[in-house]
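A.B. asks: Residue numbers (mature numbering (1 follows the signal peptide of the UniProt record, and there is no 0)): -16 to -1, 1 to 188.
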């Protein structure tokens, strides 16, 4: 019971900055690989109250369930507008503990400095959560505001929408095929199993 109170306190305090919650949605994969194309992502166990994002094999034909239902937390009055007015904020998933208590968990990118991909991992709360954006067609992306491939680095006007999503066989805690983000804007991941994908949302 004590752990539930601690998790709930972390979550409620961290979510205060982003005070607007979207409607629930599911995340789908678009891929040249027919096995992945049109399938959903869902949370997959990576530790105590810690989850990754893995292909589930489920499609539009499957009803939404707790492990493949997500939210985005945004701000009613953001300090700066999103690219093209797109919403930005933490990606959330509701962790259920003690048979029914809900603890919002925010996604943050986790990486190994000797790798060139970062894994989206859900932890309770969102005080260290990474923000993502969704374009008008539902695609999930990160905004690129600076080009450091030139000297000196230059601000990008307009900024760019980058979708460096890959499905790769990884071992964060367990050996899974997981969603990953390719760090940087050049080249392909060094992990030979990585397959380029797009990720888009559809509201439940």
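Virtual Cβ for every residue (Gly too), placed ideally from N, Cα, C.
#1: Can you have a look at residue 115 and say buried or exposed, based on whether 16 or more other CB atoms are within 10 angstroms of its CB?
#2: Using a 10 Å radius around the Cβ and a threshold of 16 neighbouring Cβ atoms, would you call residue 64 buried or exposed?
#3: Which complete beta strand (DSSP E) runs does the segment 110 to 185 hold, if anything under 3 residues is left out?
#4: Going straight from the alpha carbon of residue 217 to that of residue 72, what length do you get?
#5: How would you call residue 166, buried or exposed, if buried means at least 16 neighbouring beta carbons within 10 angstroms?
#6: Please state whether DSSP places residue 84 in a helix, a strand or coil.
#7: Consult DSSP for residue 41 and reduce its assignment to one of helix, strand or coil.
#8: Have a look at residue 181 and residue 89 and give me their C-alpha separation to the nearest angstrom.
#9: Indicate the three-state DSSP secondary structure (helix, strand or coil) for residue 50 in the structure shown.
#10: Touching or not, the segment 156 to 163 and the segment 126 to 144, by the rule of three or more beta carbon pairs under 8 Å?
#11: Between residue 123 and residue 81, what straight-line distance do the alpha-carbon atoms span, to the nearest angstrom?
#12: Identify the continuous beta strand (DSSP E) that holds residue 13 and give its terminal residues.
#13: Is residue 10 near residue 53, with beta carbons less than 8 Å apart?
#14: What's the call for residue -12, buried or exposed, on a 16-neighbour Cβ count within 10 Å?
#15: Could you tell me the boundaries of the beta strand (DSSP E) in which residue 102 lies?
#16: At which residues does the beta strand (DSSP E) containing residue 27 begin and terminate?
C.D. replies: From the atom records:
#1: Translated into positions along the chain shown, residue 115 becomes position 131. Answer is buried; the Cβ neighbour count reaches 16.
#2: Translated into the one-based positions of the chain shown, residue 64 becomes position 80. Looking at its Cβ environment, which holds fewer than 16 other Cβ atoms inside 10 Å, residue 64 is exposed.
#3: 115 to 118, 124 to 131, 138 to 146, 149 to 155 and 159 to 166
#4: Only positions -16 to 188 of the chain appear in the structure, and residue 217 is not among them; the question remains open.
#5: Within the chain shown, numbered from 1, the residue matching residue 166 stands at position 182. So residue 166 counts as buried.
#6: The count along the chain shown starts at 1 and reaches residue 84 at position 100. Residue 84 falls in the coil class under three-state DSSP.
#7: Reading the chain shown from its first residue, position 57 is the one you call residue 41. Residue 41: coil per DSSP, three-state reduction.
#8: Locating residue 181 in the chain shown gives position 197, counting from the first residue. Locating residue 89 in the chain shown gives position 105, counting from the first residue. Distance between the alpha carbons of residue 181 and residue 89 is about 24 Å.
#9: Residue 50 sits at position 66 when you count from the first residue of the chain shown. It is helical.
#10: no
#11: Against the chain shown, residue 123 aligns to sequence position 139. Against the chain shown, residue 81 aligns to sequence position 97. Going from the Cα of residue 123 to the Cα of residue 81 covers about 30 Å.
#12: Position 29 of the chain shown, counted from the start, is the residue given in the question as residue 13. Its beta strand (DSSP E) spans residues 9 to 15.
#13: Translated into the one-based positions of the chain shown, residue 10 becomes position 26. Translated into the one-based positions of the chain shown, residue 53 becomes position 69. Cβ distance < 8 Å, so residue 10 and residue 53 count as in contact.
#14: Walking along the chain shown from the start, residue -12 turns up at place 5. In this prediction, residue -12 has a pLDDT of 34, which is less than 50 and means its spatial position is unreliable; what the coordinates show is noted afterwards. Residue -12 is exposed by the Cβ-count criterion.
#15: Within the chain shown, residue 102 is the residue found at index 118, counting from 1. That run of the beta strand (DSSP E) goes 101 to 108.
#16: As a working mapping, residue 27 is identified with position 43 in the chain shown. Its beta strand (DSSP E) spans residues 25 to 31.
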